[in-house]
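Q:
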Amino acid sequence: MQYRSLGRTDLEVSAVGLGAWEIGGAVTLTFDGLGTIPHGWGSTDDAASLDLIARCRDAGVNFIDTAPIYGDGHSEDVIGRALADCRDEWVVCTKGGHGAAEGKAWTDFSKEKLLWQIDESLRRLRMDHVDAYLLHGPSADDIARGECLEAMEIMRAQGKTRFVGVSIGPNEMGVELMQRGVVDMLQQSISIIGPQAKDALLPAAVEHNVGIVARGVFGQGFLPGTLKPDAQFGDDDRRSWQKIEAKQALVAKAEALRELTGPERSPAQLCVQYVLQLTGVTTVIAGTSKWAHMEENIAAVDCPPLTDEDLALIAEVQG
Numbered sequence: 035m036q037y038r039s040l041g042r043t044d045l046e047v048s049a050v051g052l053g054a055w056e057i058g059g060a061v062t063l064t065f066d067g068l069g070t071i072p073h074g075w076g077s078t079d080d081a082a083s084l085d086l087i088a089r090c091r092d093a094g095v096n097f098i099d100t101a102p103i104y105g106d107g108h109s110e111d112v113i114g115r116a117l118a119d120c121r122d123e124w125v126v127c128t129k130g131g132h133g134a135a136e137g138k139a140w141t142d143f144s145k146e147k148l149l150w151q152i153d154e155s156l157r158r159l160r161m162d163h164v165d166a167y168l169l170h171g172p173s174a175d176d177i178a179r180g181e182c183l184e185a186m187e188i189m190r191a192q193g194k195t196r197f198v199g200v201s202i203g204p205n206e207m208g209v210e211l212m213q214r215g216v217v218d219m220l221q222q223s224i225s226i227i228g229p230q231a232k233d234a235l236l237p238a239a240v241e242h243n244v245g246i247v248a249r250g251v252f253g254q255g256f257l258p259g260t261l262k263p264d265a266q267f268g269d270d271d272r273r274s275w276q277k278i279e280a281k282q283a284l285v286a287k288a289e290a291l292r293e294l295t296g297p298e299r300s301p302a303q304l305c306v307q308y309v310l311q312l313t314g315v316t317t318v319i320a321g322t323s324k325w326a327h328m329e330e331n332i333a334a335v336d337c338p339p340l341t342d343e344d345l346a347l348i349a350e351v352q353g
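The sequence shown begins at 35 in the numbering used here and counts up one residue at a time.
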């Protein structure tokens, strides 16, 4: 495993981390504008999830990312059980601003709600602090009001989190937050077909010494090339309600990149490797509930380097 400094923090994190949305299991929530939909990736087995985390630890993975909305708190609960005897070996990141009550999802970035929510997260995680606490997709208006940023500084002062940051949507928001000096790290969706962060966000991260956690590297599982546009998902999988046109586009991109794969590099490893070679990216969080998939992702750090010809083909596919 490779380890990298997480920006200006004193944290050394594995280049491949574990995204723990999947281990939250199946949950159905009602969202304004979307109705009642599955918000997980299908049912999971807690024993398998505990084994997955233990195997990740043995393989050198030390960064794990979760949130209370993942499985309506179940992801945090599983992590709390898994790390009970090895907490100090892990860099734990959770988030706030979204949650659910009685089956209905809510969004609230007020200071009061966030300070309540971190206490709930710590209770489920069975910890007195997390290493990083992120705002989970706030709007520009949430940031402008300032309560959420104030809440994070209070959490830090109280010792409930060591470092703070934001899981962003627009790259422009991340650049502004770094320029203001209010974040230690950012989380953003970065993939082999969606590398827009490299234009402004990643150079700014290098300039301001802010860690970047890359999510979404597998395009909801379609970029590794094992899923087809007409793949059937259970009623408890969030992909069951997403548009087929989006799935077709992802599969087409995966097919176009297939010539870069072979015995020395699988499609999933290509996805991980490409993002990790972008200057400014600290770690990739690979979301999965299966050890076989995670083992493959971890091995991406040992694949042959991408050549200039490889990168040229990738740029062509990206358009």
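A virtual CB, placed ideally from N, CA and C, is assigned to each residue, including glycine.
These numbers were taken from a predicted model, which means no experiment stands behind them.
Which stretch, first to last residue, makes up the beta strand (DSSP E) that contains His-132?
A: It spans 132–135 - the beta strand (DSSP E) in which His-132 sits, taken as one unbroken run.
Q: Only counting the same chain, and skipping five residues up and downstream in sequence, which positions put a Cβ closer than 6 angstroms to that of Ala-178?
A: Contacts found: none.
Q: On the criterion of 16 or more Cβ atoms from any shown chain inside 10 Å, does Thr-341 qualify as buried, or is it exposed?
A: Exposed is the call here.
Q: Could you check what DSSP says for Met-219 in three-state terms: helix, strand or coil?
A: DSSP places Met-219 in strand when its eight states are reduced to three.
Q: Tell me whether Pro-301 sits in a helix, a strand or coil according to DSSP, three-state version.
A: It is helical.
Q: At which residues does the alpha helix (DSSP H) containing His-327 begin and terminate?
A: First-last of the alpha helix (DSSP H) with His-327: 325–332.
Q: Just to confirm the assignment: which complete alpha helix (DSSP H) runs, minimum length 4, are found wholly within the region 65–127?
A: Taking only runs of at least 4 residues, the alpha helix (DSSP H) segments lying wholly in the region 65–127 are 80–92, 108–116.
Q: Return the CA-CA distance between Thr-64 and Arg-273, expressed in angstroms with no decimal places.
A: For Thr-64 and Arg-273, the distance between alpha carbons rounds to 16 angstroms.
Q: For Pro-339, tell me which candidate among Gln-307, Gln-352, Ala-349 has the shortest Cα-Cα distance.
A: Measuring from the Cα of Pro-339, the nearest candidate turns out to be Gln-307.
Q: Go ahead and pull the three-state DSSP assignment for His-170.
A: Strand, per DSSP.
Q: Below 8 angstroms between beta carbons: does that hold for Ile-113 and Thr-100?
A: In this structure, Thr-100 lies closer than 8 angstroms to Ile-113 by Cβ.
Q: Ile-98 and Trp-124 - do their beta-carbons sit closer together than 8 angstroms?
A: Yes, these two residues count as a Cβ contact at 8 angstroms.
Q: With H, G and I counted as helix, E and B as strand and the rest as coil, what does DSSP make of Trp-140?
A: Strand.
Q: Where do the ends of the alpha helix (DSSP H) carrying Gly-355 lie?
A: This structure leaves residue 355 out entirely; the chain is present only between 35 and 353.
Q: Reducing DSSP to helix, strand and coil, say where Asp-162 ends up.
A: DSSP places Asp-162 in coil when its eight states are reduced to three.
Q: Which residues does DSSP list as the beta-bridge partners of Gly-199?
A: Leu-168, Met-219.
Q: Under three-state DSSP, which class holds Lys-129?
A: Reduced to three states, the DSSP call for Lys-129 is strand.
Q: With DSSP as the reference, label Arg-292 as helix, strand or coil.
A: Here Arg-292 sits in helix by DSSP.
Q: Return the Cβ separation of Leu-310 and Lys-232 in integer angstroms, given the expectation that the two are a contact with Cβ distance under 8 angstroms.
A: Not confirmed; about 13 angstroms, so no contact.
Q: Under 8 angstroms, do Leu-168 and Gly-199 count as touching if we go by C-beta distance?
A: Yes, the Cβ-Cβ distance between Leu-168 and Gly-199 is below 8 angstroms.
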